[in-house]
Amino acid sequence: MAASGGSFDEWLMTEKEYNECVTLYADNVYRFILKNLRQEEDARDVVQSAYEKLWKNRSGVEAGKSKSYLFTIAYHQMIDHLRKTKRVELRAEFREEAKISDRPVSQLKAALEVALARLNDTQRSLVLLKDYEGYSYTEIGQIMELTESQVKVYLHRARLQLKSYLVSLENLI
Amino acid sequence: MITRDNYEEFFLLYIDNELSVADREAVERFIAHHPDLQKDWKALLHCRLLPDEELVFPDREALYGIGALEGEDNNNDLPVFSPDLSIVFPDKASLYKKEEDKRIIWLPWLRVGVAAAMAGIVALLVLLSGRHTSVPSAAQPVVKNNKIDPAVTPAATDALHSIEARDAVGTKPGIQPKPDNPVLSGQKEKKKKLLPRQDVQEEKESVSQQDLAQQAAPHDPVHDPTPVKPTDITATRAADITATKAIVTTTNVHSSDAVAVLQTVIPREESSFATQALQHENENHDPENNILVADESPAPGKGKLRGLFRRVTRTFGKTADRDSDGQREVLVGAFQIALK
Numbered sequence: 000m001a002a003s004g005g006s007f008d009e010w011l012m013t014e015k016e017y018n019e020c021v022t023l024y025a026d027n028v029y030r031f032i033l034k035n036l037r038q039e040e041d042a043r044d045v046v047q048s049a050y051e052k053l054w055k056n057r058s059g060v061e062a063g064k065s066k067s068y069l070f071t072i073a074y075h076q077m078i079d080h081l082r083k084t085k086r087v088e089l090r091a092e093f094r095e096e097a098k099i100s101d102r103p104v105s106q107l108k109a110a111l112e113v114a115l116a117r118l119n120d121t122q123r124s125l126v127l128l129k130d131y132e133g134y135s136y137t138e139i140g141q142i143m144e145l146t147e148s149q150v151k152v153y154l155h156r157a158r159l160q161l162k163s164y165l166v167s168l169e170n171l172i
Numbered sequence: 000m001i002t003r004d005n006y007e008e009f010f011l012l013y014i015d016n017e018l019s020v021a022d023r024e025a026v027e028r029f030i031a032h033h034p035d036l037q038k039d040w041k042a043l044l045h046c047r048l049l050p051d052e053e054l055v056f057p058d059r060e061a062l063y064g065i066g067a068l069e070g071e072d073n074n075n076d077l078p079v080f081s082p083d084l085s086i087v088f089p090d091k092a093s094l095y096k097k098e099e100d101k102r103i104i105w106l107p108w109l110r111v112g113v114a115a116a117m118a119g120i121v122a123l124l125v126l127l128s129g130r131h132t133s134v135p136s137a138a139q140p141v142v143k144n145n146k147i148d149p150a151v152t153p154a155a156t157d158a159l160h161s162i163e164a165r166d167a168v169g170t171k172p173g174i175q176p177k178p179d180n181p182v183l184s185g186q187k188e189k190k191k192k193l194l195p196r197q198d199v200q201e202e203k204e205s206v207s208q209q210d211l212a213q214q215a216a217p218h219d220p221v222h223d224p225t226p227v228k229p230t231d232i233t234a235t236r237a238a239d240i241t242a243t244k245a246i247v248t249t250t251n252v253h254s255s256d257a258v259a260v261l262q263t264v265i266p267r268e269e270s271s272f273a274t275q276a277l278q279h280e281n282e283n284h285d286p287e288n289n290i291l292v293a294d295e296s297p298a299p300g301k302g303k304l305r306g307l308f309r310r311v312t313r314t315f316g317k318t319a320d321r322d323s324d325g326q327r328e329v330l331v332g333a334f335q336i337a338l339k
């Protein structure tokens, strides 16, 4: 079956390419998922199932878009997981607040973690994809199935919310 | 062009790395010229997250294993997970049975529906036929009583004879006694029980059997083919009134018996108001006369049907085929239907 822009064999991801994808992006995907879920076990399961799906669908993955495809799969797996478990929000506040006192050296980082945890799932994913992975608005929109303007608006709101939290924290300190 | 009104958006785009090089330089110049916005600018810069390099996926070997399990030979479009054919559904026969059950479920409902419809039709036919034949069935016991005890007729009607023979002035002499008068003969057995023998003997002295027959014959509404003339009715009414008086005077002791006799002899249509009142009172108070009353009263089904038919006839008779402003229309009850 030939596809536009190349033959079927050109599109098919080989095991070598797949393993390269593991080497290059596994940590990135894991961080992204872990920052959202804040549960190592759950994050590991999500990443593993995302890679399984990548392997299953490798015939439809273009060579240069394996990372974005992987993040898309992982993001949707994470959303499914969040819908099933509904336990993230309850834990977040206490764990992240505790981190502030545990790490007095990197107070700013800890405060940022807390502020990140206070965002909703979409905002958090936007910030993480932007800051961690450096995706453009367009790429983020493709991963999260949002328009470019939505990504821009939501992300800017998330930034202002983070800033507001940090400023208020500075005022308290 | 960046201004104090839109600088925040430019700051955010700068942090998101969505600005061109020229715009980035413009933002940096704008910040340099506006030191009062430095605080906002620094706060936004702190909002950028830096990836935590310490976080690494702990089980990367497992991810490699996914591809290794399938092998390099799977470059062709082979399925990742081949089906395990050893796993079979243990109770496949029950699945086939379920499909059969579905068919069986539908058929009984159909059958039940047909059976219910048939039962309804049969019940309706029985009900309608029972109503239509209610008149003869109500008359049956009367005829039966007549056949059972023809010999009792003279004795059972003794009281009646004694009352009516005295005032039987207007009775038509040519009228022949009707031997099988249903009303009269149907009550003979009853009267035989009710009337004391002594009273019967006294009445016998003043009345004859022929007089009784002559008096009773015009009161037969069913079997007498001879039409009753108005003069006969008048005479009969006069006799009724006299008979009522006789009842009042002679039945002080046995009033109930006399009233029973009166009920049997005088039909309601031809009796006076006083007689009807007495009959009605007796109907209400004497349970023993219920049999007699039942003989006289019309069949309940017939009465209900007649009432229903009358209502329908009146409704349509009054309202059908009305013309309103040249437009033909039918008014049925409260509904006005225009006719084309």
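Those sequence lines, one after another, are chains A and B. FYI, numbering that gives the first Met the number 0 numbers position 108 of the first sequence as 107, with every residue one higher than the one before it. FYI, numbering that gives the first Met the number 0 numbers position 278 of the second sequence as 277, with every residue one higher than the one before it. Glycine included, each C-beta is placed from N, C-alpha and C at the ideal position. If you're wondering where the values come from, they're calculated on a predicted model, not measured in any experiment.
8 Å Cβ shell around residue i - same chain, five flanking residues per side excluded
i	result
Y29 (chain A)	A42, R43, V46
Q37 (chain B)	I30
G140 (chain A)	T146, E147, Q149, V150
I142 (chain A)	S67, F70, T71, Y74, L128, Y134
T84 (chain A)	D41
Q160 (chain A)	A114, R117, L118, Q122
S163 (chain A)	none
Rounded C-alpha distance that separates residue i from residue j
i	j	result
Y24 (chain A)	I72 (chain A)	13 Å
Y136 (chain A)	S67 (chain A)	13 Å
R305 (chain B)	L123 (chain B)	18 Å
L127 (chain A)	L33 (chain A)	11 Å
E138 (chain A)	L36 (chain A)	22 Å
E112 (chain A)	H32 (chain B)	32 Å
E175 (chain A)	V26 (chain B)	A query on residue 175 (chain A) cannot be resolved here, the shown segment of chain A reaching from 0 to 172 and no further.
R156 (chain A)	E24 (chain B)	24 Å
A369 (chain B)	L44 (chain B)	Residue 369 (chain B) is absent from the structure shown; chain B starts at 0 and stops at 339.
V125 (chain B)	M117 (chain B)	12 Å
Y6 (chain B)	D58 (chain B)	45 Å
N288 (chain B)	V111 (chain B)	With a pLDDT of only 46 at N288 (chain B), under 50, the local geometry of the prediction cannot be trusted, and the value read off the model is given with reservation. Between N288 (chain B) and V111 (chain B), the C-alpha separation is close to 47 Å.
L168 (chain A)	M0 (chain B)	33 Å
L307 (chain B)	L127 (chain B)	14 Å
A61 (chain B)	K52 (chain A)	14 Å
G119 (chain B)	R309 (chain B)	26 Å
T22 (chain A)	V55 (chain B)	11 Å
W54 (chain A)	G63 (chain A)	15 Å
C20 (chain A)	E132 (chain A)	15 Å
D51 (chain B)	R28 (chain B)	32 Å
Three-way DSSP call (helix, strand, coil) for residue i in this model
i	result
H33 (chain B)	coil
T146 (chain A)	coil
Y17 (chain A)	helix
G306 (chain B)	helix
K56 (chain B)	It should be noted that the sequence gives Phe, not Lys, for residue 56 (chain B). Note: F56 (chain B) maps to coil in three-state DSSP.
S167 (chain A)	helix
T2 (chain B)	coil
N35 (chain A)	helix
V121 (chain B)	helix
D15 (chain B)	coil
S65 (chain A)	helix
D51 (chain B)	coil
G112 (chain B)	helix
Sequence-distant residues of its chain with Cβ nearer than 7 Å to residue i (five each side left out)
i	result
Y153 (chain A)	T121, Q122, L125
T312 (chain B)	none
R47 (chain B)	I14
Whole-number beta carbon distance between residue j and residue i, since they are thought to touch under 8 Å
i	j	result
W40 (chain B)	F9 (chain B)	Their Cβ separation, rounded to whole angstroms, is 10 Å, which puts W40 (chain B) and F9 (chain B) out of contact at 8 Å.
L107 (chain A)	A42 (chain B)	Not really, about 11 Å apart at Cβ, beyond 8 Å.
N18 (chain A)	Y63 (chain B)	6 Å
Local Cβ density within 10 Å of residue i, reported as buried at 16 or more and exposed below that
i	result
M77 (chain A)	buried
H80 (chain A)	buried
A195 (chain A)	The structure shown has nothing for residue 195 (chain A), since chain A only spans 0 to 172.
R158 (chain A)	buried
D4 (chain B)	exposed
A49 (chain A)	buried
V113 (chain B)	exposed
K65 (chain A)	According to the sequence provided, residue 65 (chain A) is Ser. The question's Lys does not apply to it. Classification of S65 (chain A): buried, given that the 10 Å Cβ count is 16 or more.
W108 (chain B)	exposed
V121 (chain B)	exposed
N35 (chain B)	For the sequence presented, residue 35 (chain B) should be read as Asp rather than Asn. The residue in question, D35 (chain B), is exposed, as its Cβ has fewer than 16 Cβ neighbours within 10 Å.
E14 (chain A)	buried
E53 (chain B)	exposed
L49 (chain B)	exposed
P135 (chain B)	Low local confidence applies: a pLDDT of 49 at P135 (chain B) is under 50, so the model's placement there is unreliable, and no value is given.
Residue i beta carbon near the ligand NAP (any heavy atom closer than 6 Å)
i	result
A21 (chain B)	Because no ligand of any kind appears in the structure shown, any question about the ligand NAP cannot be addressed here.
Contact set for residue i: own chain, Cβ-Cβ below 6 Å, skip 5 residues either direction
i	result
L359 (chain B)	What is shown of chain B runs 0 to 339, which leaves residue 359 (chain B) out entirely.
M12 (chain A)	R57, V60
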